[in-house]
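Some notes on the structure that comes next.
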Amino acid sequence: MKWFNNPKIAVAWTVLRVWLGIQWIEGGLGKITGGGFDASGFIKGAIAGAGGEHPTVQGWYAAFLEGVALPNAEIFSFLVQWGEVLVGLGLILGVATIPALIAGAFMNLNFMLAGTTSTNPILYTVAMILLFAGTASYYYGVDRFAVPFLKKQLNKNENNDVLANN
Numbered sequence: 135m136k137w138f139n140n141p142k143i144a145v146a147w148t149v150l151r152v153w154l155g156i157q158w159i160e161g162g163l164g165k166i167t168g169g170g171f172d173a174s175g176f177i178k179g180a181i182a183g184a185g186g187e188h189p190t191v192q193g194w195y196a197a198f199l200e201g202v203a204l205p206n207a208e209i210f211s212f213l214v215q216w217g218e219v220l221v222g223l224g225l226i227l228g229v230a231t232i233p234a235l236i237a238g239a240f241m242n243l244n245f246m247l248a249g250t251t252s253t254n255p256i257l258y259t260v261a262m263i264l265l266f267a268g269t270a271s272y273y274y275g276v277d278r279f280a281v282p283f284l285k286k287q288l289n290k291n292e293n294n295d296v297l298a299n300n
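Quick look at the structure:
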C-alpha cells in the first residue's frame, strides 16, 4: 500500500475532496439562484481577450467559443451551472468521484483557456492531486461501497452472457 493510499491519509483526501465539492456547489448554486445565468457575456469577453498585443485567450480557443459556444450560449449556460452543482454533490458525497473530478478539472481548464484565472488554477490543481490519490480520494464516500458493488454486478452480467453464448 502506498503512503497516499491508506485510511489515515484518506481523511486528508476526504477533507480536500469535500472542500472542493463545496467550492463547486457554491459556484453552481450562485448561478442557478442568481436570477438567470447567461454565459454569453463571459464568452464574448473571452473572445475579445484573443486580440491585442498580449492576448489572454489563444486564437484557436476563441474560434471555438465564437463558432460553437456563443451560438449555443443557452446550452452552455445550462451545462455550466448544473455541471458545477453535480460535480459539487458528487465530490461532497463521494459519488462518481473520479468522473466528478475529471468533469471539474475539465471545466476549470476551459475557464482558464477562456482567460479567467481567479480560483481556477487552485481548483484544477486540487482535482489533479485527488485524481492522483485514486481510490483513496473516495475511501470515505459512497463510491467505497458503490464501485465494488457495481463491479460485482458487471462481472455477474458478463459471466451470464458468456454462459448464454456457450
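Numbering of the sequence shown is given in the working numbering, commencing with residue 135 and proceeding in unit increments. Where is the CB? At the ideal position from N, CA and C, for every residue including glycine.
Tell me where the alpha helix (DSSP H) around residue i begins and ends.
{"i": "K142", "result": "141-167"}
{"i": "A173", "result": "Where A173 is concerned, there is no enclosing alpha helix (DSSP H), given that its DSSP letter is neither H nor E."}
Restricting to Cα atoms, I'd like to know which of the options is closest to residue i.
{"i": "G249", "options": "G193, V276, F266", "result": "G193"}
{"i": "T148", "options": "G186, G217, V276", "result": "V276"}
{"i": "F210", "options": "F171, G161, K286", "result": "F171"}
{"i": "A234", "options": "T167, R278, E218, N244", "result": "E218"}
{"i": "P205", "options": "I177, Y195, R151, H188", "result": "I177"}
{"i": "A184", "options": "E200, V229, T167, N140", "result": "E200"}
{"i": "T251", "options": "A280, Q215, T231, A180", "result": "A180"}
{"i": "V152", "options": "L284, F279, Q287, L264", "result": "L264"}
{"i": "A173", "options": "I156, V202, K290", "result": "V202"}
{"i": "M262", "options": "T231, Y274, P189", "result": "T231"}
{"i": "K142", "options": "N244, Y274, F245, G186", "result": "Y274"}
{"i": "I226", "options": "Y272, I236, I256, L247", "result": "Y272"}
{"i": "P255", "options": "A207, L154, N140", "result": "L154"}
When the Cα atoms are used, what is the spatial distance from residue i to residue j?
{"i": "G164", "j": "V221", "result": "14 Å"}
{"i": "F212", "j": "V145", "result": "33 Å"}
{"i": "F240", "j": "P282", "result": "26 Å"}
{"i": "L223", "j": "W158", "result": "8 Å"}
{"i": "Y258", "j": "G228", "result": "18 Å"}
{"i": "L150", "j": "G238", "result": "14 Å"}
Buried or exposed for residue i, please, with buried defined as at least 16 other CB atoms from any protein chain shown within 10 angstroms of its CB.
{"i": "A197", "result": "exposed"}
{"i": "N242", "result": "buried"}
{"i": "R253", "result": "It should be noted that the sequence gives Thr, not Arg, for residue 253. When all chains shown are included, T253 counts as exposed."}
{"i": "G161", "result": "buried"}
{"i": "G169", "result": "exposed"}
Taking 7 Å as the cut-off, is the C-beta of residue i nearer than that to any heavy atom in the ligand ATP?
{"i": "L264", "result": "As far as ligands go, the structure on display features none, and thus does not contain the ligand ATP."}
Runs of beta strand (DSSP E) wholly within the segment 198-261 (minimum 3 residues, chain order) = none
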